[in-house]
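In the UniProt record's numbering, the protein residues as written are 1 to 332. To start, the structure itself, in structure tokens.
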């Protein structure tokens, strides 16, 4: 092979091994993301050779022998909420820490799932994490031709397990806080009610309000986003009430910005405001919103446990719950 042709082709593992002065097997072990036996000197030589040649491992070729590609699919409706950023930054970091990479698949509607199946679109991945409430477990298993599917949208079945926050405790704490401060009437600003998680969240709020003697005077629809919170707050249907509970912090932020005059010095004057997600932004003075959260490290830890040992999520362990808690801040 002449030098001009060699420059036009991608370097191979054989090229790396030759430059490093080691066997192909040693070069492969040195470049593996898994802990495999190779001396520090040889590993350093291989890494230096790979860097010099611009060598990139072929994950699909490696999968023929390892049966893995170290890719994890994350299926979402979209990524535009602040809660997405808080969670996914941590999730991607922790997945990468175990030598795997993430690919995102944005669904957006039930029709997209059907389209993917109809057109035979599939990805070669080690596992799929499903956040989208447009995706059911059976469809995802068909799409990826894999049983290693973890449902994070409350829609697990007998073959695909689930990890979800147990929201009842946190919601009970928020409503109890409002009742202790004399709240008699409240509005609830919700997200997409087609979501099973949202349906349960709304049911929990209503049950706790009834238990505490708080009358629900309005139920307003948003989509979890900051923009929808502003839209709701500016609508003619905006009620006069003692408290507003939102099923996302982002919507609560939009409401707070429209009604800043109701929070002089960030303290509630006309109504108390509660969010949901316990976003990192709520720890700062711009949006000190009382909220409901869960330990995201624990939540992501359960996801990582599934990726490492999916067999532990078998029969009898189909649903893993992570407890939630109420965090009181200035707006309540």
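We put the CB at the ideal spot given by N, CA and C, even for glycine.
query, result
"Based on Cα-Cα distance, which residue from 217, 257, 249 lies nearest to residue 239?", "217"
"Taking the alpha-carbon of residue 255 as reference, which of 71, 224, 278 has the nearest alpha-carbon?", "224"
"Under the DSSP definition of a beta bridge, which residues are partnered with residue 224?", "Its beta-bridge partners do not exist; DSSP assigns none."
"What three-state label does DSSP hand residue 165 in the structure shown?", "strand"
"Which residues does DSSP pair with residue 294 in a beta bridge?", "324"
"Rounded C-beta distance between residue 71 and residue 50? I'm assuming under 8 angstroms.", "Not quite, the Cβ-Cβ distance comes to about 20 angstroms (not below 8 angstroms), so this is no contact."
"Whole angstroms is fine: what's the gap from residue 334's alpha carbon to residue 133's?", "What the structure shows of the chain is the stretch from 1 to 332, and residue 334 is not part of that stretch, so it cannot be assessed."
"In terms of DSSP beta bridges, what is residue 274 paired with?", "245, 290"
"Count Cβ pairs between the segment 290-307 and the segment 135-143 that sit closer than 8 angstroms; are there 3 or more?", "no"
"To which residues of the same chain is residue 136 closer than 7 angstroms at the C-beta, ignoring the five residues directly before and after it?", "155"
"Extract the residue ranges of the alpha helix (DSSP H) inside the segment 127-204, only unbroken runs of 4 or more that lie entirely within it.", "137-144, 168-180"
"Beta-carbon within less than 8 angstroms of residue 43's beta-carbon, same chain only, minus the 5 sequence neighbours each way: which residues are those?", "30"
"Quick check on residue 279: does DSSP put it in helix, strand or coil?", "coil"
"Where does residue 210 sit, in a helix, a strand or coil, going by DSSP?", "helix"
"Just the Cα atoms here: how many angstroms apart are residue 246 and residue 287?", "14 angstroms"
"Can you give me the Cβ contacts of residue 152 inside the same chain, cut-off strictly under 8 angstroms, excluding the 5 residues immediately before and after it?", "129, 130, 131, 162, 163, 164, 303"
"For a test of the three-state rule: what should DSSP assign to residue 308, helix, strand or coil?", "helix"
"Cβ of residue 103 within 8 angstroms of any heavy atom in the ligand SAH?", "The ligand SAH is not part of this structure, which contains no ligands at all."
"Over the uninterrupted beta strand (DSSP E) stretch that includes residue 74, give me the two end residues.", "71-76"
"So, for residue 78: in the same chain, excluding its five sequence neighbours on each side, which residues have a beta-carbon less than 7 angstroms away from its beta-carbon?", "106, 108"
"Mind checking which residues open and close the beta strand (DSSP E) that includes residue 106?", "101-106"
"Which two residues bound the contiguous alpha helix (DSSP H) that contains residue 42?", "40-53"
"Closest by CA to residue 267, which one among 281, 277, 243?", "243"
"Cα separation between residue 63 and residue 100?", "For residue 63, the pLDDT reaches just 48, beneath the cut-off of 50, and the residue's location in the model is therefore unreliable, although a value from the coordinates is still provided. Near 13 angstroms, if we compare the C-alpha coordinates of residue 100 and residue 63."
"Please classify residue 285: does DSSP put it in a helix, a strand, or coil?", "coil"
"State yes or no: is the C-beta of residue 183 within less than 9 angstroms of the C-beta of residue 252?", "no"
"Using only the alpha-carbon positions, how far apart do residue 177 and residue 326 sit?", "9 angstroms"
"Indicate the three-state DSSP secondary structure (helix, strand or coil) for residue 217 in the structure shown.", "strand"
"Between which two residues does the alpha helix (DSSP H) carrying residue 97 extend?", "82-97"
"What first and last residue would you give for the alpha helix (DSSP H) that runs through residue 24?", "24-31"
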